[in-house]
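Asker: Residue numbers (our numbering), protein chains in the order written: chain A, 48 to 262; chain B, 547 to 645.
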């Protein structure tokens, strides 16, 4: 009898240990729905860029038969504003679903682990962001989409040490996509839509299926 | 028959001390407040157990400041890590007995 109790207690101890080890070293409340939401906004952004922003640009171009510095300036500005909008929408929706999941799990959203995850995600992203702004400054726009994909992929690979490790594979895919895009520079928007739209949605659905469905 | 309880470490009988060790072995360094938050215990309770772990030489205490507020962080010692792994192996052996 006594021995049986001891064994059950040991089992409980081991479960506690595992839970604490995981919870204290990795941020496990990242929701798959965050990925889906970010992907939807990414696709919407790409569609707006293609069918709204570029539409006037193409029209003026075929009318006049050549580019003018002024159009290009306006186009760049519109695209930057659009990109910022998409980023904000994706960020806040991702934040919302993760906030909801961490509440359900009783974890704190702003803890030592989430801070570490955020920092490790932010370093490559900030470097990438400044790098790309620098490229635009020098009028080098061909590699904007590939650089976005590569830096984002590196950020994910780096962050995977501090959250569910599956995100590493999303990172690999983004990097590969970016490198392919590097060789096919004319299709930046297309690759961008795949990387930030389709891949996010696919990843989000897989994660949701794997970790959240049963709850 | 060998008594299965012999491998278990008396110090880790306590849930909070066991919890502290579980967290410290996977983190280089962790602050008092983070420990408190993860283990959901009161200041006094946690402090008592941290002192006993420190006295046993299982953990190291670093006292620092962030501005004017004290920021105490903890990390595990070599001894502590060994004691913890031994304890886990003993627990595993216990559980194998169930099956």
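A virtual CB, placed ideally from N, CA and C, is assigned to each residue, including glycine.
Going by beta-carbon coordinates alone, are residue 149 (chain A) and residue 572 (chain B) separated by less than 8 Å?
Answerer: Their beta carbons are not under 8 Å apart, which means residue 149 (chain A) does not touch residue 572 (chain B) by this criterion.
Asker: So for residue 212 (chain A), helix, strand or coil by DSSP?
Answerer: Note: residue 212 (chain A) maps to coil in three-state DSSP.
Asker: Near residue 245 (chain A), which residues of its chain fall below 8 Å by C-beta distance, leaving aside the five closest residues on each side in sequence?
Answerer: Here the set comprises 86 and 90.
Asker: If you draw a straight line from the alpha carbon of residue 132 (chain A) to that of residue 579 (chain B), how long is it in whole angstroms?
Answerer: The alpha-carbon atoms of residue 132 (chain A) and residue 579 (chain B) are separated by roughly 37 Å.
Asker: Round the Cβ separation of residue 201 (chain A) and residue 171 (chain A) to the nearest angstrom and send it over; I've been treating them as touching at under 8 Å.
Answerer: Going by Cβ atoms, the distance from residue 201 (chain A) to residue 171 (chain A) rounds to 5 Å, so yes, they are a contact pair.
Asker: Assign residue 219 (chain A) to buried or exposed, taking buried as 16 or more other Cβ atoms, counted over all protein chains shown, within 10 Å of its Cβ.
Answerer: The residue is exposed, with fewer than 16 neighbouring Cβ atoms inside 10 Å.
Asker: If you scan the segment 556-597 of chain B from start to end, which runs of the alpha helix (DSSP H) of 4 or more residues do you find wholly inside it?
Answerer: Correct list: 561-572 and 578-585.
Asker: What does residue 158 (chain A) reach in chain B if we use C-beta pairs closer than 9 Å?
Answerer: Simply 580, 583 and 584.
Asker: By the three-class DSSP mapping on this structure, what secondary structure does residue 623 (chain B) have?
Answerer: Residue state, collapsed to three classes: coil.
Asker: Below 8 Å, how does it come out for the segment 176-187 of chain A and the segment 219-229 of chain A: are there three or more Cβ pairs, yes or no?
Answerer: These segments do not touch.
Asker: In the DSSP assignment, the beta strand (DSSP E) including residue 74 (chain A) goes from what residue to what residue?
Answerer: Note, residue 74 (chain A): premise wrong, no beta strand (DSSP E); not H, not E.
Asker: Report yes or no: do the segment 601-617 of chain B and the segment 625-638 of chain B share at least 3 C-beta pairs separated by less than 8 Å?
Answerer: With the cut-off at 8 Å, the segment 601-617 of chain B and the segment 625-638 of chain B touch.
Asker: Which residues does DSSP list as the beta-bridge partners of residue 607 (chain B)?
Answerer: For residue 607 (chain B), which the question treats as bridged, DSSP gives the partners B:620.
Asker: Between which residues of its own chain and residue 207 (chain A) is the CB-CB distance below 6 Å, once the five residues before and five after are set aside?
Answerer: Counting only Cβ-Cβ distances below 6 Å, and skipping sequence neighbours, we find 214 and 215.
Asker: From what residue to what residue does the alpha helix (DSSP H) around residue 207 (chain A) run?
Answerer: Neither: residue 207 (chain A) is in no alpha helix (DSSP H) and is coded neither H nor E.
Asker: Of the residues A:142, A:67, A:122 and A:63, which one's Cα is nearest the Cα of residue 81 (chain A)?
Answerer: Cα-wise, what sits closest to residue 81 (chain A) is A:142.
Asker: Considering only DSSP beta bridges, list what residue 612 (chain B) is partnered with.
Answerer: According to DSSP, residue 612 (chain B) bridges with B:615.
Asker: Using a Cβ-Cβ cut-off of less than 7 Å, give me the residues of the segment 59-74 of chain A that come near chain B, in sequence order.
Answerer: Answer in chain order: 60, 61, 63, 64, 67, 68, 70, 71 and 72.
Asker: Please give the ranges of any alpha helix (DSSP H) in the segment 165-236 of chain A, keeping only runs that are unbroken, at least 4 residues long and fully inside the region.
Answerer: Taking only runs of at least 4 residues, the alpha helix (DSSP H) segments lying wholly in the segment 165-236 of chain A are 191-206 and 214-230.
Asker: Is any non-hydrogen atom of the ligand SAM found closer than 7 Å to the C-beta of residue 193 (chain A), if you look at the structure I gave you?
Answerer: The model depicted lacks the ligand SAM and carries no ligand whatsoever.
Asker: Could you list the residues in the segment 128-155 of chain A with a C-beta less than 8 Å from some C-beta on chain B, going in chain order?
Answerer: Residues 155.
Asker: Give a yes or no on whether 8 Å exceeds the smallest Cβ distance from residue 57 (chain A) to chain B.
Answerer: Closer than 8 Å: yes.
Asker: Any idea what DSSP makes of residue 154 (chain A), helix, strand or coil?
Answerer: Residue state, collapsed to three classes: coil.
Asker: Is residue 52 (chain A) buried or exposed, if buried means 16 or more other CB atoms sit within 10 Å of its CB?
Answerer: When all chains shown are included, residue 52 (chain A) counts as exposed.
Asker: Which residues of chain B have a Cβ atom closer than 8 Å to the Cβ of residue 230 (chain A), listed in chain order?
Answerer: Under the 8 Å cutoff, chain B gives no residues; its nearest Cβ is about 41 Å from residue 230 (chain A).
Asker: Using Cβ-Cβ distances below 9 Å, what residues of the segment 587-610 of chain B are close to chain A?
Answerer: Answer set for the segment 587-610 of chain B: empty.
Asker: Buried or exposed: residue 66 (chain A), going by 16 or more other Cβ atoms within 10 Å of its Cβ?
Answerer: Residue 66 (chain A) comes out exposed.
Asker: Rounded to whole angstroms, what is the Cα-Cα separation between residue 222 (chain A) and residue 197 (chain A)?
Answerer: Residue 222 (chain A) and residue 197 (chain A): Cα-Cα distance of roughly 4 Å.
Asker: Closest Cβ-Cβ distance between residue 617 (chain B) and chain A: below 8 Å?
Answerer: No, residue 617 (chain B) lies away from the interface with chain A (no Cβ there is under 8 Å from its Cβ).
Asker: Hey, residue 154 (chain A) and residue 78 (chain A): beta-carbon distance below 8 Å or not?
Answerer: Cβ atoms of residue 154 (chain A) and residue 78 (chain A): not closer than 8 Å.
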